[in-house]
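Asks: Note that UniProt numbering has the sequence shown beginning at 1, numbered continuously upward. Glycine included, every Cβ here is placed at the ideal spot set by N, Cα and C. Only a predicted model underlies this, so the values are computations on that prediction, with no experimental measurement involved. Below is the structure I would like to discuss, written out as structure tokens.
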Amino acid sequence: MSTTTSRPAQRYGSSSRGGTTGGKVVAVIAVLLVTAILVVSARALLERFNRPVTAEFISQERIDDSTGRLWIDVDRKDPSQPAYCIVTAVDYSHAEVGRREVILPAGGEKHERLAVELPVREPLVSGRIYGCSDKLPFYMDPDSSFYGAR
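Shown next, in the form of structure tokens:
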């Protein structure tokens with residue numbers, strides 16, 4: 001007589017080695033989920049590295065109590081197209097104390113260092129690049145009637 005006892009099938013299920021239909025469904029769903037995550041990640045990386053305009057904050061300087069200056073480096077893939085960046089000034093608690101949109105007209109170099117003066121509510125401690133784009137909003141477009149009203 002063997003020392004191992006057979007497991008009751010009613011209590012533990014059958015001992016067949018083939019997977020159940022439920023297990024196969026879970027495996028297919030898991031593979032589809034991993035594939036979707038990989039596709040979304042790859043797409044996000046491609047968008048990040050194919051940006052037409054990027055900027056980097058370099059330094060800041062205080063001009064007076066209500067004005068600060070941020071130095072930024074801007075890289076454009078196609079300098080023949082106009083672009084813009086939004087820069088922000090922040091205080092010690094990282095709260096935004098000033099903001100400005102910087103228009104980069106068509107022409108110029110692929111890599112430029114710009115000094116951006118902006119009004120601030122409190123003394124600035126640092127700066128940030130909020131974002132850049134080559135798709136100018138209607139109010140920045142030199143061909144629109146709104147631009148001439150400034």
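Going straight from the alpha carbon of P137 to that of Q60, what length do you get?
Replies: Distance between the alpha carbons of P137 and Q60 is about 27 Å.
Asks: Closest by CA to I86, which one among S66, E109, M140?
Replies: Checking every option, the nearest Cα to that of I86 belongs to M140.
Asks: So for D134, helix, strand or coil by DSSP?
Replies: Three-state DSSP puts D134 in coil, outside helix and strand.
Asks: Using only alpha-carbon positions, find the residue among G68, L104, I58 that is nearest to S80.
Replies: Nearest of G68, L104, I58 to S80, Cα basis: L104.
Asks: If L118 and G131 are in contact, beta carbons under 8 Å, what's the gap, nearest whole angstrom?
Replies: No, L118 and G131 are not in contact; Cβ-Cβ is about 16 Å, not under 8 Å.
Asks: Which whole-angstrom value describes the C-beta separation of V90 and V125, a residue pair presumed to lie in contact below a C-beta threshold of 8 Å?
Replies: That pair is a contact at about 6 Å.
Asks: Apart from the five residues on each side of it in sequence, which residues of its chain come closer than 6 Å, Cβ to Cβ, to D134?
Replies: The answer, listed in chain order, is P52, V53, Q81, A83.
Asks: For a quick check, are the C-beta atoms of residue 167 and G127 less than 9 Å apart?
Replies: What is shown of the chain runs 1 to 150, which leaves residue 167 out entirely.
Asks: Within its chain, find whatever has a CB closer than 6 Å to the CB of E122; leave out the 5 residues flanking it on each side and keep chain order.
Replies: Result list for E122: D91, V97, in chain order.
Asks: Can you tell me whether V28 is buried or exposed? The criterion is at least 16 other CB atoms within 10 Å of its CB, across all chains shown.
Replies: Per the 10 Å Cβ criterion, exposed.
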